[in-house]
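In this note's numbering, the protein residues as written are 3 to 161.
Built from N, CA and C at the ideal position, the CB exists for glycine as well.
Being a predicted model, the structure only gives us computed values, none of them experimental.
Step one of this worksheet: look at the structure below.
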């Protein structure tokens, strides 16, 4: 299988910061909307995604407690993907992926042994977050550093 199909036409997208979300478990997550340049994430879809994450955390199905990280709500054509990332074990990025279905968001099935992770557009947010986490790791990692990490977010990035 070729890495890039002959008919692929690459489009530009925007990674855009949105207000962070704090989950009932105490986890604090930065938020990024990701969409084509001429599109926007519909506010009701973003709100549904936020409500879903809160409900998943409350029910214990999203097992993150007191963690720092970020969320990417990615509009990929007609599909919305919700990529939830947290920092664990000092320097590891862990993720849970959901997709919006007719009944709401649900876990993205991943049955293959070799799985996709981040697409080229999501990597725009991931790259920034990797650098922000390194700054946090090199800090005193106190309450002020935690707030500095949470505030360290570009308004938007064209990818």
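Got a sec: is the Cβ-Cβ distance from residue i to anything in chain D below 9 angstroms?
| i | result |
| --- | --- |
| residue 35 | No chain D appears in the structure shown, which is made up of a single protein chain. |
Please report how far the alpha carbon of residue i lies from the alpha carbon of residue j, in whole angstroms.
| i | j | result |
| --- | --- | --- |
| residue 52 | residue 6 | 34 angstroms |
| residue 44 | residue 32 | 18 angstroms |
| residue 158 | residue 62 | 32 angstroms |
| residue 94 | residue 86 | 14 angstroms |
| residue 29 | residue 145 | 14 angstroms |
| residue 69 | residue 115 | 27 angstroms |
| residue 96 | residue 147 | 21 angstroms |
Thinking just about the alpha-carbon of each residue, which of the options is nearest to the one in residue i?
| i | options | result |
| --- | --- | --- |
| residue 19 | 8, 76, 135 and 113 | 76 |
| residue 80 | 119, 38 and 120 | 38 |
| residue 155 | 142, 135, 146 and 84 | 135 |
| residue 122 | 14, 143 and 4 | 14 |
| residue 41 | 82, 50, 131 and 69 | 82 |
| residue 103 | 17, 27 and 54 | 54 |
| residue 88 | 141, 131, 150 and 105 | 131 |
Helix, strand or coil, according to DSSP, for residue i in the structure here?
| i | result |
| --- | --- |
| residue 95 | strand |
| residue 114 | coil |
| residue 145 | helix |
| residue 18 | strand |
Is the beta carbon of residue i less than 9 angstroms from the beta carbon of residue j?
| i | j | result |
| --- | --- | --- |
| residue 25 | residue 59 | yes |
| residue 98 | residue 139 | no |
| residue 124 | residue 66 | no |
| residue 127 | residue 17 | yes |
Only counting runs of 3 or more residues, tell me where the beta strand (DSSP E) segments fall wholly within the region 35-105, in order along the chain.
70-78, 81-90 and 94-103
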